[in-house]
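Working notes for the structure below.
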Ligand SMILES: [Zn+2]
C-alpha cells in the first residue's frame with residue numbers, strides 16, 4: 010500500500026493573498042511558467058485544486074491513500090472563506106473518496122477555545138484522525154499556554170502533522186524549529202508528531218529528537234524540490250532520513266505545490282526505484298509506517 014501522508018487542496022478564497030503570493034509566485038517565476046502579475050492571479054494553475062484532481066494523480070501513480078491537510082493562516086491574514094468553511098469543504102470533499110482520502114483538521118492553536126471546539130466537532134462529525142499545525146503562524150510548540158491544546162489531541166489519539174523548516178511572506182519562520190517539540194514529546198509520550206519536510210533546513214533537530222523520543226515521525230515531502238536538477242541531493246536526504254528515522258519515516262508529496270516542477274508520478278517513481286534504502290525500508294516508508302500510525 011502506498012500512502013501520501015502530506016497533500017492539500019483549496020479554493021482560492023481559502024488562502025490569504027499574502028500567503029498565496031509568497032508560496033506560489035516563486036514557484037511559478039522559477040519555472041518560467043507564468044509572468045507574475047496580480048491581475049492574472051486567477052489564471053495560476055494551482056490557485057484552486059480539487060479532490061478529484063488529486064485522486065487522478067494518485068490513480069496515475071499507484072497511490073492508494075492520501076492525508077489531506079487544511080492550512081489555517083487566518084490569524085495572520087483573514088482569507089475570504091474562514092477556517093470552519095475550509096475544513097468543512099475538505100471533509101465533505103473527502104467523503105466522496107472515503108476509501109482514498111483521509112482529511113485532518115487544519116487549525117491554529119492560537120485560536121484557543123475556538124480551535125478546541127473545531128477539533129472536537131470534526132472528531133464527532135467525521136471521526137477526524139489528525140491535525141495539521143503551522144508554527145510559523147505564531148506559536149512555539151513548547152509554550153506553556155499550549156499544554157491544554159496538546160493534551161486534548163493526546164486524549165483523542167490525534168496524529169499531529171507540523172510544518173517545519175522554511176516559511177515565507179508574513180510568517181514567523183523561527184517558530185518552525187523541530188526542537189521546540191521536545192517538551193511536547195516528553196510530556197505526551199503517546200502523542201504522535203510528524204515533522205513535515207524532515208524538518209527542512211533544521212533536519213538535524215528532527216534526527217536529534219528521534220534518538221531520544223519514539224513518538225516523533227518525519228515526512229519526506231518537499232525533498233523533490235531538488236528534482237530534477239539535483240537527484241544526488243534528494244537521494245542523500247532520503248538516505249540520511251532512513252538512517253535516523255528508521256521505521257518512523259513516511260512518504261509525502263505536498264501536492265500540488267511541487268507538481269509544476271516535478272510531477273506526482275515522477276516523485277513516487279523516484280522514491281520507489283532509486284537506490285536510497287533496502288526494498289523493505291522503502292516499502293515501509295511508502296505506506297507501511299503511515300498505515301500503522303493511522304491504525305488502518
Ligand atoms: Zn504542505
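Residue numbers (the numbering used here): 10 to 305. Beta carbons: idealized from backbone N, C-alpha and C, even for Gly. Model, not experiment: these values are computed from the prediction.
- Looking only at 85, 71, 209 and 141, the smallest Cα-Cα distance to residue 12 is reached by 71.
- Shown in chain order are the residues whose CB sits closer than 7 Å to a heavy atom of ligand 1: 15, 17, 78, 172, 205, 230, 263 and 266.
- Looking at 162, 213, 181 and 207, the one whose alpha-carbon comes closest to that of residue 201 is 162.
- For residue 265, same chain residues with a beta-carbon under 6 Å away, outside a window of 5 residues either side, are 55 and 58 in chain order.
- Sequence-distant Cβ neighbours of residue 129 in its own chain, meaning closer than 6 Å and more than five residues away, do not exist here.
- Taking each of 152, 243 and 85 in turn and checking the Cα distance to residue 209, the smallest one comes out for 243.
- Taking a contact as a CB-CB distance under 8 Å, the pair residue 205 and residue 230 counts as one, their CB atoms being some 6 Å apart.
- The C-alpha of residue 99 is placed about 8 Å away from the C-alpha of residue 60.
- In this structure residue 281 is not in contact with residue 293, their Cβ atoms being roughly 13 Å apart against a cut-off of 8 Å.
- Taking C-beta separations shorter than 6 Å and ignoring five residues to either side along the sequence, the partners of residue 235 in its chain run 242 and 243, following chain order.
- With a cutoff of 8 Å on beta-carbon distance, residue 85 and residue 180 are scored as near each other.
- The C-alpha of residue 248 lies about 38 Å from the C-alpha of residue 97.
- Assignment of beta-bridge partners to residue 13 by DSSP yields 75.
- The secondary-structure analysis by DSSP pairs residue 228 across a beta bridge with 259.
- In this structure, the CA atom of residue 194 is about 29 Å from the CA atom of residue 287.
- When secondary structure is reduced to three states using DSSP, residue 187 falls in the helix class.
- Bridge pairing for residue 111: 76 [DSSP].
- Positions of the beta strand (DSSP E) runs, each at least 3 residues long and wholly inside the segment 125 to 212, are given as 139 to 142, 168 to 171 and 202 to 204 in order along the chain.
- In the structure shown, the three-state DSSP call for residue 58 is strand.
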